[in-house]
Amino acid sequence: MIWTGATAYPRIYEWKKFKKIADEVGAFLVADISHLAGLVAAGVHPSPVGVADVIMTTTHKTLRGPRGAIIMTNNEELAQKIDKAVFPGLQGGPHDHQTAGIAVALKEASSASFKKYGAQIVKNAKVLADTLMKDGLRLVSGGTDNHLMLVDFGENGPTGKEVQEALNHSSIIVNKNTVPRETRKPFITSGIRLGTPAATTRGMKEKEMVQIGHLISKVIENLGNEKAYKKISYEVKNLTSKFPVP
C-alpha cells in the first residue's frame with residue numbers, strides 16, 4: 001500500500017504519478033486529502049477520484065464542516081474490509097447531529113460560492129507567501145500552490161516554538177512545525193505553519209494578506225519585545241473587527 005497525504009505540504013499532489021508507481025509494484029494507492037478536500041471540491045486542486053484506490057478525508061478542515069471523516073472506494077472487496085474495520089467499533093453509536101452537519105457541509109461544497117471560496121483561499125495563500133518572502137523569510141519549496149505554507153528559520157534562527165509564542169502574544173495564531181532536514185526536537189522545531197482558510201472564510205482577500213504578512217514579519221523582527229507585541233495585537237484586532245466570523 002502506498003499512502004499519500006501530509007499535514008504540511010504546500011504543493012500540488014500528482015496523483016497519476018503516484019498511481020503509476022503503485023501499479024508497477026502491485027500496491028493499492030490511498031489518497032488522504034484531509035487538508036485538501038475543500039480545494040478539490042472547489043476545483044482548484046487535482047482530484048484523486050478515479051485514480052486512487054481509496055480516498056479518505058476529514059470533514060472539518062477546508063471542507064468547513066463538523067469534525068468527522070469520509071472513506072471512499074469503488075473497489076467492492078476493499079469496501080467490505082473497510083466497513084468491517086470501522087463498524088461497529090467506530091460507528092456503532094452514530095452522532096446524527098454530526099452526520100447532518102456533514103451533509104450540510106457537502107451540500108455547501110457543491111455550490112458556486114464554495115468554488116469562489118476555494119479559489120480565494122489559494123489566491124490569498126500565494127499573496128501571503130509572496131509577502132513573507134519579500135520581507136526576507138524563507139519558505140519551504142519557495143512558496144505554495146494550496147492553502148498553507150511553511151516558514152523555515154534554519155538551525156541557527158529562532159525556534160518555531162519561540163515564534164509561535166511571540167505570534168500568539170500578538171493575537172496571530174500559527175503552529176510550530178518541523179521542516180525538511182530538521183535538527184531540533186518536534187516540540188521545539190525550526191519552522192511555523194500557517195494557512196489562509198479561516199481568514200478567507202471571514203472575507204479577507206489579497207489586500208489583507210499583505211497586511212497580515214507584514215504583521216507576522218514585524219513580530220519576528222521584534223522577538224522578545226512585549227511592547228511591540230501589544231502594538232501589533234492592537235493592529236490585528238483592528239483588522240479582524242472589520243471581518244466578523246460568519
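Under full-length UniProt numbering, the residue at position 28 of the sequence shown is numbered 28, and the numbers go up by one with no gaps. Glycine included, each C-beta is placed from N, C-alpha and C at the ideal position. Keep in mind that this is a model prediction, so the values were computed, not measured.
- Looking at the DSSP output, residue 177 sits in a beta bridge with 191.
- Residue 15 and residue 177 have their C-alpha atoms spaced approximately 25 Å apart.
- Every unbroken stretch of the beta strand (DSSP E) spanning 3 or more residues and falling wholly within the segment 27-83 is given here in chain order: 29-32, 54-58 and 69-73.
- Scanning its chain for C-beta atoms nearer than 8 Å, with the 5 sequence neighbours on each side dropped, one finds around residue 157 the residues 190, in chain order.
- In the structure shown, the three-state DSSP call for residue 137 is coil.
- Under the three-state reduction of DSSP, residue 2 is assigned to strand.
- The continuous beta strand (DSSP E) containing residue 152 extends over residues 148-152.
- Linking residue 73 to residue 235 through their CA atoms gives a straight-line distance of about 47 Å.
- For residue 110, there is no enclosing alpha helix (DSSP H), since its DSSP letter is neither H nor E.
- Beta-carbon to beta-carbon, residue 122 and residue 147 are separated by about 7 Å, close enough to satisfy the 8 Å threshold.
- One thing to note: residue 68 has its Cβ no nearer than 8 Å to the Cβ of residue 33.
- Scanning 174, 216, 100 and 51 for the CA closest to the CA of residue 133 turns up 216.
- The beta-carbon separation of residue 213 and residue 131, rounded to 3 Å, stays under the 8 Å limit for a contact.
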